[in-house]
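Below is one structure; the comments refer to it alone.
There are 2 protein chains.
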Amino acid sequence: MRTEMRLTGSGGQGLILAGIIFAEAALLDGKNSLQSQSYGPEARGGASKAEVIISNEEIDFPKVEMPSVLLSLTQVACDKYHGEISDDGIFIIDETVDLETVKDGVKLYRAPILKTATEVVGKSIVANIVAIGYITEITKIVSRESIEQAVLSRIPAGTEELNKKALQEGYKLAEMALK
Amino acid sequence: MRTEMRLTGSGGQGLILAGIIFAEAALLDGKNSLQSQSYGPEARGGASKAEVIISNEEIDFPKVEMPSVLLSLTQVACDKYHGEISDDGIFIIDETVDLETVKDGVKLYRAPILKTATEVVGKSIVANIVAIGYITEITKIVSRESIEQAVLSRIPAGTEELNKKALQEGYKLAEMALK
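Here the protein sequences come in this chain order: F and D.
Those letters in the first sequence? Residues 1 to 179, by the working numbering.
Those letters in the second sequence? Residues 180 to 358, by the working numbering.
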């Protein structure tokens with residue numbers, strides 16, 4: 001079992017950190033993981049991406065080729081990356097993003113991730129943590145226990161309650177979508 | 180021209196962040212870069228590593244195979260990774276690390292990186308930034324201008340002076356070593 005995940009949005013949304021947190025959670029779950037981001041001419045275009053590979057086995061090929069989990073928090077990122085998703089992939093976009101169609105077989109989820117961070121949790125900077133909660137609940141790619149531990153190990157001291165709240169709100173949004 | 184760099188030490192020393200900063204600096208220099216870290220059984224042993232590939236061309240093969248720049252901030256990391264360095268590589272270790280021999284052709288630098296962070300800059304947490312300054316000056320792998328911009332874009336607001344000082348002290352240590 002190998003899962004490829006791509007997190008896309010704009011620079012400053014904390015997607016690299018989100019990728020690191022997923023990779024650490026996978027390790028806590030007893031799996032192998034690899035987190036990476038590449039910078040090249042395409043990184044100058046306003047879309048940012050972070051990638052994670054999670055596997056029960058050793059990760060021989062360290063490149064994301066066709067993610068089965070894709071997040072797009074911005075229109076620019078969605079426009080750029082929406083075509084690259086596996087046939088039975090899970091595609092999560094922020095509700096501010098427009099997307100007309102997806103491939104047959106792809107499950108699309110549209111959720112108010114940015115708005116929840118700003119209006120419910122109260123800090124736009126935790127949108128990445130809301131997204132982590134949402135993705136975790138929708139995909140079950142890592143356990144809740146491990147993701148919580150990984151989040152807490154990677155955030156600045158003093159922001160624990162804020163980030164726990166962000167994670168919970170992400171779970172909640174996903175629970176509503178799954179009903 | 181492709182350069183592979185491996186930064187090793189213990190978890191909590193900020194080596195992933197250091198890798199991200201190098202990768203962003205390379206982008207600012209007009210190059211392509213890839214930053215990654217893998218987590219697996221070996222990550223449970225107390226040694227942490229982050230990897231960066233910098234290239235003038237597109238990075239087709241995204242795996243570090245034989246780094247030409249290797250940093251080890253702890254004994255455990257050095258013991259584990261010292262054998263994997265290219266024949267003409269640059270190997271930088273903290274002065275607290277013991278290493279009896281290196282391969283012919285490898286240039287070894289031993290520097291008080293951790294001590295400088297604690298005693299000169301005044302915060303052990305900036306050891307990664309001291310290391311960045313040191314590596315930049317020794318290897319010239321990225322420009323000073325770009326590394327400074329990349330450091331400032333990735334550190335918490337309010338810590339600019341501390342981190343600039345850490346970078347300067349890293350340069351200074353390297354200048355002494357190169358004399």
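Ideal placement from N, C-alpha and C gives every residue a C-beta, glycine not left out.
This structure is a prediction, so every number in the text was calculated from the model and none was measured.
Q.
Buried or exposed for ASP94(F), going by 16 or more other Cβ atoms inside 10 Å?
A. Here the question's residue 94(F) lines up with position 94 in the first sequence. By the 10 Å Cβ count, ASP94(F) comes out buried.
Q: Return the chain-ordered list of same chain residues with a C-beta closer than 8 Å to the C-beta of LEU178(F), the five sequence neighbours on each side being excluded.
A: Residue mapping note: residue 178(F) aligns to position 178 of the first sequence, counting from 1. The residues are GLU137 and ILE138.
Q) Grouping DSSP H, G and I as helix and E and B as strand, with all else coil, what is LEU252(D)? A) Translated into positions along the second sequence, residue 252(D) becomes position 73. Three-state result, LEU252(D): coil.
Q) Taking Cβ-Cβ distances shorter than 8 Å, what residues in chain D pair up with ALA111(F)? A) On the first sequence, position 111 is the one that residue 111(F) refers to. Taking a Cβ-Cβ cut-off of 8 Å, ALA111(F) has no neighbours in chain D, whose nearest Cβ is about 27 Å from it.
Q) Looking at the C-beta of LEU34(F), does it have a partner C-beta in chain D at a distance below 9 Å? A) As a first step, residue 34(F) must be located in the first sequence, where it is residue number 34. LEU34(F) counts as touching chain D.
**Q.** Contact belief for SER215(D) with LEU17(F) at Cβ below 8 Å, rounded distance in angstroms
**A.** In the second sequence, residue 215(D) corresponds to position 36, counting from 1. In the first sequence, residue 17(F) corresponds to position 17, counting from 1. Not confirmed; about 15 Å, so no contact.
Q. Secondary structure at VAL142(F), three-state DSSP: helix, strand or coil?
A. Numbered from 1 along the first sequence, position 142 holds the residue referred to as residue 142(F). Residue state, collapsed to three classes: coil.
**Q.** Check whether GLU51(F) and PRO41(F) have beta carbons under 9 Å apart
**A.** Sequence index remark: in the first sequence, residue 51(F) carries index 51 (1-based). Sequence index remark: in the first sequence, residue 41(F) carries index 41 (1-based). Result no, Cβ atoms of GLU51(F) and PRO41(F) do not sit closer than 9 Å.
Q: Just the C-alpha distance for ILE135(F) and LYS115(F), rounded to the nearest angstrom, thanks.
A: Position 135 of the first sequence, counting from 1, holds the residue named residue 135(F). Position 115 of the first sequence, counting from 1, holds the residue named residue 115(F). Computed Cα separation, rounded: 16 Å.
Q. Is VAL276(D) near GLU348(D), with beta carbons less than 9 Å apart?
A. Locating residue 276(D) in the second sequence gives position 97, counting from the first residue. Locating residue 348(D) in the second sequence gives position 169, counting from the first residue. Taking 9 Å as the cut-off, the Cβ atoms of VAL276(D) and GLU348(D) do not count as close.
Q) Along the chain, which unbroken stretches of the beta strand (DSSP E) at least 3 residues long are found entirely within the stretch 195-269 of chain D? A) Listed in chain order, they are 211-218, 227-234 and 248-251.
Q | Selection of the stretch 186-219 of chain D by Cβ proximity to chain F, strictly under 8 Å | A | Residues passing the 8 Å Cβ filter: ILE195, ILE199, ALA202, GLU203, ALA205, LEU206, ASN211, SER212, LEU213, GLN214, SER215, GLN216, SER217, TYR218 and GLY219.
Q: Alpha carbon to alpha carbon, how far is GLY11(F) from ALA335(D)? Give it in angstroms, no decimals.
A: Taking the second sequence and counting its residues from 1, the one referred to as residue 335(D) is at position 156. Taking the first sequence and counting its residues from 1, the one referred to as residue 11(F) is at position 11. In the sequence as presented, Ala is not what sits at residue 335(D); that position holds Pro. When rounded, the distance between both Cα atoms is 15 Å.
Q) Under 8 Å Cβ-Cβ, which residues of chain D neighbour ILE59(F)? A) Numbered from 1 along the first sequence, position 59 holds the residue referred to as residue 59(F). Those are SER217 and GLY219, listed as they occur along chain D.
Q: Compute the Euclidean distance between the alpha carbons of ASN307(D) and SER227(D), then round it to the nearest angstrom.
A: Along the second sequence, read from residue 1 onward, the residue named residue 307(D) stands at position 128. Along the second sequence, read from residue 1 onward, the residue named residue 227(D) stands at position 48. When only Cα atoms are considered, ASN307(D) and SER227(D) end up about 13 Å apart.
Q | Selection from ILE85(F), GLU24(F) and HIS82(F) that minimises the alpha carbon distance to ILE189(F) | A | With chain F covering 1 to 179 only, the question about residue 189(F) has no answer from this structure.
Q) Hey, would you say GLU160(F) sits closer than 9 Å to LEU152(F), going by beta carbons? A) Numbered from 1 along the first sequence, position 160 holds the residue referred to as residue 160(F). Numbered from 1 along the first sequence, position 152 holds the residue referred to as residue 152(F). Yes, they are a contact pair.
Q.
Let's see if you can read the secondary structure: which residues bound the alpha helix (DSSP H) around LEU99(F)?
A. Here residue 99(F) refers to the residue found at position 99 when the first sequence is read from its first residue. Neither: LEU99(F) is in no alpha helix (DSSP H) and is coded neither H nor E.
Q | Within 9 Å, strictly: CB atoms of LEU167(F) and GLY122(F) | A | Here residue 167(F) corresponds to residue number 167 of the first sequence, with the count starting at 1. Here residue 122(F) corresponds to residue number 122 of the first sequence, with the count starting at 1. Not a contact, by the Cβ cut-off of 9 Å.
Q. Using Cβ-Cβ distances below 8 Å, what residues of the stretch 326-337 of chain D are close to chain F?
A. For the stretch 326-337 of chain D, which is checked against every Cβ of chain F, the residues closer than 8 Å are PRO335.
Q) Do you know offhand how far LEU162(F)'s Cα is from ILE264(D)'s? A) Working through the first sequence from its first residue, we reach residue 162(F) at position 162. Working through the second sequence from its first residue, we reach residue 264(D) at position 85. Each residue's Cα considered, the two are about 43 Å apart.
Q.
Contact criterion: CB-CB distance below 9 Å. Does LYS242(D) meet it with respect to chain F?
A. On the second sequence, position 63 is the one that residue 242(D) refers to. Interface residue, yes.
Q: Compare the C-alpha of MET176(F) against each of THR8(F), VAL76(F), ILE113(F) and HIS82(F) and name the closest.
A: One-based indexing of the first sequence puts residue 176(F) at position 176. Minimum Cα-Cα distance from MET176(F) among the listed residues THR8(F), VAL76(F), ILE113(F) and HIS82(F) corresponds to ILE113(F).
Q. Considering only the beta carbon of each residue, do ARG6(F) and VAL102(F) sit closer than 9 Å?
A. Sequence index remark: in the first sequence, residue 6(F) carries index 6 (1-based). Sequence index remark: in the first sequence, residue 102(F) carries index 102 (1-based). No.
Q: Out of THR3(F), SER143(F), THR8(F) and TYR171(F), state which residue places its alpha-carbon closest to the alpha-carbon of THR186(F).
A: Nothing about residue 186(F) can be reported from this structure: the residues present for chain F run from 1 to 179 only.
Q: Tell me whether LYS319(D) is buried or exposed, calling it buried when 16 or more other Cβ atoms sit within 10 Å of its Cβ.
A: Here the question's residue 319(D) lines up with position 140 in the second sequence. Exposed, since its Cβ has fewer than 16 Cβ neighbours within 10 Å.
Q: Could you tell me the distance, in whole angstroms, from the CA atom of LYS107(F) to the CA atom of ASN211(D)?
A: If you number the first sequence from 1, residue 107(F) lands on position 107. If you number the second sequence from 1, residue 211(D) lands on position 32. Counting only the Cα atoms, ASN211(D) lies some 33 Å from LYS107(F).
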